[in-house]
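A.B. asks: As you go down the protein sequences, you meet chains U and E in turn. Counting in this note's numbering, the first sequence runs from 1 upward without gaps. Counting in this note's numbering, the second sequence runs from 774 upward without gaps. Every residue, glycine too, gets a C-beta built ideally from N, C-alpha and C.
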Amino acid sequence: MAERPEFAIVGKGERKVDGRALVTGKPVFVADLRLPETLHVKILGSPKAHARIRSIDVSAAEAMDGVACILTHENTPPTRHTTAGQGFPEPSPYDARMFEDKVRFVGDRVAAVAAETEAIAEAALAAIRVDYEELEPVLSIDDALREGAPVIHDEPDSTGIYDASRNIVADVDIDVGDVEAGFDGSDAVVEVVCETQYAQHTPIETHVVLSYLDSEDRLILRTSTQVPFHVRRIVAQTLGIPIRDIRVIKPRVGGGFGTKQEVLLEDIVGLVTLRTGRPALISLTRKEEFTSARTRHPMRVRVKLGAGEDGVLRAIEMEAISNTGAYGAHGLTVLANTGSKTLPLYNKAPNAHFFGQAVYTTLPVPGAYRGYGATQGYFPLETAMDELAERLGIDPIELRRLNHIRLDETSPIFEKLGEGREGVEQTVKSCELERCLQVGAERIGWAEKRGKKHRDGSWVPGVGMSIMMQGSGIPLIDMAAATLKMNEDGSFNLLIGATDIGTGSDTILAQIAAEVLAVPLDKMLVTSSDTDFTPFDVGAYASSTTYVSGMAVQRAAEKIRDQIFEVAASALGVASSELSLANESVVGPDGKSLSLADVCQRAMYESDQFQIAATASCVPTESPPPFLANFAEVAVDTETGRIKVLHYVAAVDCGVAINPVLAEGQMEGAIVNGIGYALTEEMLISSRGRVRNPSLFDYKIPGMLDIPKLEVILVESYEPTGPMGAKSVGEIGINGPIPTIANAVYDAVGVRLRETPFTPERVLRAIRDGSTA
Amino acid sequence: MTITVTINGTSKRLAIEPGERLFELLRREGYMGVKTGCGTGDCGACAVLLNGRAVNSCIVFAAKADGGEVTTVEGLERDGRLHPVQEAFLDEGGIQCGYCTPGMVIGAVDLLSRNPEPTEDEIRQGLSGNLCRCTGYVKQVRAVQQAAAAMKGGGNDG
Ligand code: FES
Ligand code: FES
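1) Among all the DSSP beta bridges, which residues are the ones paired with U/D637?
2) Is the segment 879–897 of chain E touching the segment 52–59 of chain U in the sense that three or more CB pairs, one from each, lie closer than 8 Å?
3) Locate the alpha helix (DSSP H) running through U/S59, then write down its first and last residues.
4) What does U/G45 pair with, by DSSP beta-bridge criteria?
5) Out of curiosity, what's the CA-to-CA distance linking E/R826 and E/G810?
6) Taking beta-carbon pairs under 8 Å, can you tell me which members of the segment 891–906 of chain E lie near chain U?
7) Compare the beta carbon distance of U/A513 and U/F533 with 8 Å and say whether it is the shorter of the two.
8) Could you list which residues in chain U have their beta carbon closer than 7 Å to that of E/T908, in chain order?
9) Could you name the residues of chain U that E/K785 contacts, counting a contact when the two beta carbons are closer than 7 Å?
10) Just to confirm the assignment, what range does the alpha helix (DSSP H) spanning U/M385 have?
11) For U/D537 and U/I496, I'd like the C-alpha separation in whole angstroms.
12) Tell me, to the nearest whole angstrom, how far the beta carbon of U/T621 is from that of U/A481; I am working on the premise that it is less than 8 Å.
13) Any Cβ of chain E within less than 8 Å of the Cβ of U/G13?
14) My assumption, with CB atoms under 8 Å, is that E/A838 sits in contact with E/L855. Please give the rounded CB distance.
15) Output the boundary residues of the beta strand (DSSP E) element that contains U/Y677.
16) With DSSP run on the structure shown, which of helix, strand or coil describes U/V424?
17) Flag U/E390 as yes if its beta-carbon sits less than 8 Å from any beta-carbon of chain E, otherwise no.
18) Checking contacts by CB at 8 Å: is E/K912 closer than that to chain U?
19) Going by the beta-carbon positions, is the gap between E/L848 and E/G782 smaller than 8 Å?
20) Check each candidate in U/E195, U/G85, U/Y605 and U/I141 and name the one with the smallest Cα separation from U/Q261.
21) When a residue counts only if its C-beta is closer than 6 Å to some heavy atom of ligand 1, which residues count, in chain order?
22) Here's the rule: buried if 16 or more other CB atoms are within 10 angstroms of the residue's CB, otherwise exposed. What is E/G931?
23) Using CA coordinates, which residue listed in U/S585, U/A635 and U/G550 is at the minimum distance from U/S728?
24) Output the distance between the C-alpha atoms of U/I413 and U/G356, rounded to the nearest integer angstrom.
25) Given 8 Å as the limit, is there contact between the segment 426–442 of chain U and the segment 400–410 of chain U, that is, 3 or more CB pairs closer than that?
26) Under 6 Å Cβ to Cβ from U/R54, same chain only, skipping five residues before and after it: list those, please.
27) Using DSSP bridges, identify the partner residues of U/I220.
28) So U/E90 is in the alpha helix (DSSP H); what residue range does that whole segment cover?
29) Could you give the residue range of the beta strand (DSSP E) that holds U/N323?
30) How would you write the range of the beta strand (DSSP E) that E/G899 sits in, first residue to last?
31) Name, going along the chain, the residues of the segment 816–833 of chain E whose beta-carbon falls closer than 7 Å to a beta-carbon of chain U.
32) Tell me whether U/F610 is buried or exposed, calling it buried when 16 or more other Cβ atoms sit within 10 Å of its Cβ.
33) Who are U/L39's beta bridge partners in DSSP?
34) Kindly indicate the opening and closing residues of the beta strand (DSSP E) around U/S771.
35) Flag E/G812 as yes if its beta-carbon sits less than 8 Å from any beta-carbon of chain U, otherwise no.
36) Consider the Cβ of E/I780: report whether some Cβ of chain U lies at a distance smaller than 8 Å.
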């Protein structure tokens with residue numbers, strides 16, 4: 001494995017560069033900017049799960065004092081597009097319109113009102129008369145796939161749908177070897193089917209956009225987004241205006257987790273501003289966020305494993321059926337990721353089969369959510385591995401050791417299955433999974449605790465484990481660019497399209513640049529992201545920022561370094577190859593040195609003048625996986641069915657942690673989100689398709705009292721293709737809690753949980769039914 | 774109606790609407806450090822100190838602040854120095870997106886004023902109404918512990 005060099009700034013838990021503004025409450029979020037004459041925008045959501053709009057009468061609303069603009073399907077562009085903020089051409093179908101005469105879930109857009117105040121906008125919404133022709137709703141995967149099911153997207157102008165007449169958005173089917181032969185040759189075969197629920201990201205800041213015109217009448221969208229450049233492109237497409245007439249500004253963002261990888265509201269406020277010439281603000285209420293923003297794809301996933309007596313896998317089959325709700329945003333790619341981010345982990349299986357479908361229903365719309373399908377795939381995969389270990393009489397850790405991918409190895413899945421199309425071949429160039437397993441097992445006390453059932457009244461403890469991988473960006477698709485320019489006091493502007501949504505990417509990207517240029521972090525002035533001033537970056541998704549944007553920053557910094565050396569070489573009269581950087585100076589061979597400020601002064605004012613500046617790009621050719629070993633100790637109350645997670649250990653191979661505090665923070669946040677997803681979070685949906693618990697009181701995300709003793713251990717490796725040896729860890733942690741807790745519950749009380757969340761009722765039912773697989 | 778209220782040390786006479794919440798009043802007056810995550814008292818993003826105690830300003834009537842004293846996160850600095858709780862959140866990595874941070878910091882200031890040496894359980898209990906979706910709370914709990922230690926050592930007591 002490649003050696004890790006000595007770093008000065010990389011590897012330090014530096015304070016976040018935007019931390020001071022945040023902790024003092026500076027007005028840095030979208031809604032903190034107040035502009036005179038701002039209109040307030042509200043959206044009328046459909047009360048029906050599936051209906052055609054026979055007529056819509058806005059005359060009473062329009063006549064109200066203070067109403068400035070009303071948008072419906074009758075006065076807005078009909079362009080089909082996808083709201084999924086993905087690279088172009090998007091792998092999601094063009095099945096959405098701004099507004100349409102058909103609604104497909106409760107909360108779907110019917111109309112929007114812009115008014116002087118929110119109260120007037122709300123009153124106007126109530127005055128809009130809509131005549132609906134109700135259609136039969138489709139409320140489950142099975143419902144959608146049955147013979148004669150209502151066709152949800154029967155319109156002729158949608159494109160990119162696999163089979164609209166059968167409600168199938170996407171279909172994936174790939175084979176490696178011959179799984180049937182593999183199962184025939186196996187000594188033990190296990191098969192499990194797991195189901196995951198509707199769950200929501202719930203960033204504490206909901207979706208919010210402010211739009212206005214600048215002095216040249218260009219449309220400015222100040223928006224809480226993960227994908228500023230995709231927003232610009234998709235809004236231009238939807239509204240039919242040139243890209244050059246739009247500028248997207250991403251200020252601080254109050255969390256995203258995938259839900260803001262979606263162009264959810266920008267088209268509406270943008271059109272209001274274009275029509276009225278006035279600023280317009282929309283900010284979803286928490287209730288609206290629950291009913292009409294995005295969710296995780298609920299899935300039913302079946303996994304079948306076959307292994308020899310020796311524990312080595314002979315065949316893996318995974319079948320996934322994904323509910324992609326009313327629109328197909330991210331439908332294909334989340335489905336594909338369910339296989340592509342899980343199956344390469346067990347590359348010892350010579351035979352593998354992944355297949356599945358994403359189907360429309362008339363339910364809330366899933367989109368991107370941290371983990372992106374892998375979360376749904378690891379639940380059955382890792383519980384099946386636990387069962388297989390028991391069947392074979394092999395310790396679960398040992399079974400993983402026998403089968404997991406290792407350094408210098410590959411998996412045919414990498415090439416067969418990519419981002420909704422073929423993938424990219426790669427070998428693993430950094431992998432410390434072995435050490436993760438060892439450290440994690442020690443920390444949880446695996447050897448002492450596994451399989452010991454010490455009862456404490458009705459509470460029974462147990463331990464479980466699981467392993468996983470993810471990726472670092474999307475190879476040959478993602479692209480990031482970074483610009484650096486130098487100022488005459490020896491500071492630098494780092495201009496990045498990379499989109500810090502709270503992850504700390506501004507800070508770690510500044511650390512990378514500061515490392516290359518040997519300057520302290522406060523000499524890096526970071527700007528992200530503004531489509532007018534920062535270079536292109538696909539945005540914050542697919543665990544791409546550290547690895548992909550980080551490499552662009554490193555390259556830009558190296559180019560700048562070369563320019564600095566050129567200037568210093570002529571000033572000092574030495575060859576640039578003899579120069580090095582230290583302590584904000586260029587140092588020559590004989591101890592002569594020139595401060596960076598002097599270098600820039602010279603370039604700006606004195607001789608051979610030019611701006612020291614550079615832009616560099618990165619398109620990754622591979623996606624090195626981070627690896628994670630999870631261990632949990634739980635206690636199960638056999639009387640109430642309650643699960644308490646007592647201790648959770650996550651040992652993660654993240655390559656070099658550019659900023660260990662922030663890397664740990666990514667893991668801790670993802671794990672706690674995963675614990676909520678495993679135990680309490682569930683959008684309850686009525687028989688008519690309405691979300692029944694649209695509040696943070698009724699939809700229970702973890703608070704401080706709900707978290708276990710949580711230990712994240714960074715087991716660092718050195719990724720030779722990564723910036724400073726780094727890989728990305730934005731997503732991987734969220735995949736762990738479900739299978740790890742499920743396996744621990746089995747160790748405690750001997751029942752298998754197949755359906756999330758693991759509520760007391762479900763656990764109790766499993767105990768009563770004796771669900772032992 | 775008109776109320777008199779001292780906000781971050783400055784006394785103000787402010788006209789309020791009937792039924793108006795303290796949250797709306799503060800935002801209207803430009804205290805943008807007061808955030809909203811729910812509007813129903815379930816997340817703590819809107820927390821401010823009212824007469825020294827943390828309240829969720831989205832469920833408190835503005836009228837209740839009449840004659841009282843309000844401190845928002847903008848009012849915690851003293852002589853250009855951050856409050857020890859703010860310093861600790863920066864040092865320990867208790868901030869990711871920072872949207873819950875103002876409410877969380879206000880909650881911690883309130884907690885430490887009542888209980889200068891809280892146990893870990895008391896911190897969790899005391900801040901259980903402040904939701905954060907980014908951090909997983911580990912570093913926030915640690916930040917409160919560090920702030921308690923710093924304040925005991927005779928730092929800025931806010
Ligand atoms: S906004 Fe006040 S408690 Fe959530
Ligand atoms: S830091 Fe983002 S919600 Fe707490």
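C.D. replies: Quick look at the numbers:
1) U/W459
2) no
3) Unbroken alpha helix (DSSP H) run through U/S59: S59 to E62.
4) U/R109
5) 20 Å
6) I896, R897, Q898, L900, S901, G902, N903, L904, C905 and R906
7) No, the Cβ-Cβ distance between U/A513 and U/F533 is not below 8 Å.
8) G665, E668 and G669
9) Simply none; closest approach about 18 Å.
10) Annotation: the continuous alpha helix (DSSP H) that includes U/M385 extends over A374 to L392.
11) 7 Å
12) Contact doesn't hold; Cβ gap of about 16 Å is too wide.
13) yes
14) Between the beta-carbon of E/A838 and that of E/L855 there is about 25 Å, and that puts the pair past the 8 Å contact cut.
15) No beta strand (DSSP E) holds U/Y677; the alpha helix (DSSP H) holding it covers P660 to L679.
16) coil
17) It does not; no Cβ of chain E falls within 8 Å.
18) yes
19) Correcting the residue identity first, residue 848 of chain E is Gly in this sequence and not Leu. Yes, they are a contact pair.
20) Looking only at U/E195, U/G85, U/Y605 and U/I141, the smallest Cα-Cα distance to U/Q261 is reached by U/G85.
21) E/T809, E/G810, E/C811, E/G812, E/G814, E/D815, E/C816, E/G817, E/A818, E/C819, E/N829 and E/C831
22) With a pLDDT of 41 at E/G931, under the threshold of 50, the predicted position of this residue should be treated as unreliable, though the coordinate-derived value follows. Counting C-beta atoms within 10 angstroms of its own C-beta, E/G931 has 16 or more neighbours from the protein chains shown and is therefore classed as buried.
23) U/G550
24) Between the alpha carbons of U/I413 and U/G356 lies a distance of about 15 Å.
25) yes
26) D131 and E133
27) DSSP, once it has assigned bridges, lists U/Y212 and U/R247 as partnering U/I220.
28) For U/E90, there is no enclosing alpha helix (DSSP H), since its DSSP letter is neither H nor E.
29) U/N323 -> beta strand (DSSP E) spans L313 to N323.
30) E/G899 -> not in any beta strand (DSSP E); alpha helix (DSSP H) instead, spanning E893 to G899.
31) C816 and A818
32) So U/F610 ends up on the exposed side.
33) U/A280
34) U/S771 -> no beta strand (DSSP E), and no H or E assigned at all.
35) Yes, its Cβ sits closer than 8 Å to a Cβ of chain U.
36) no
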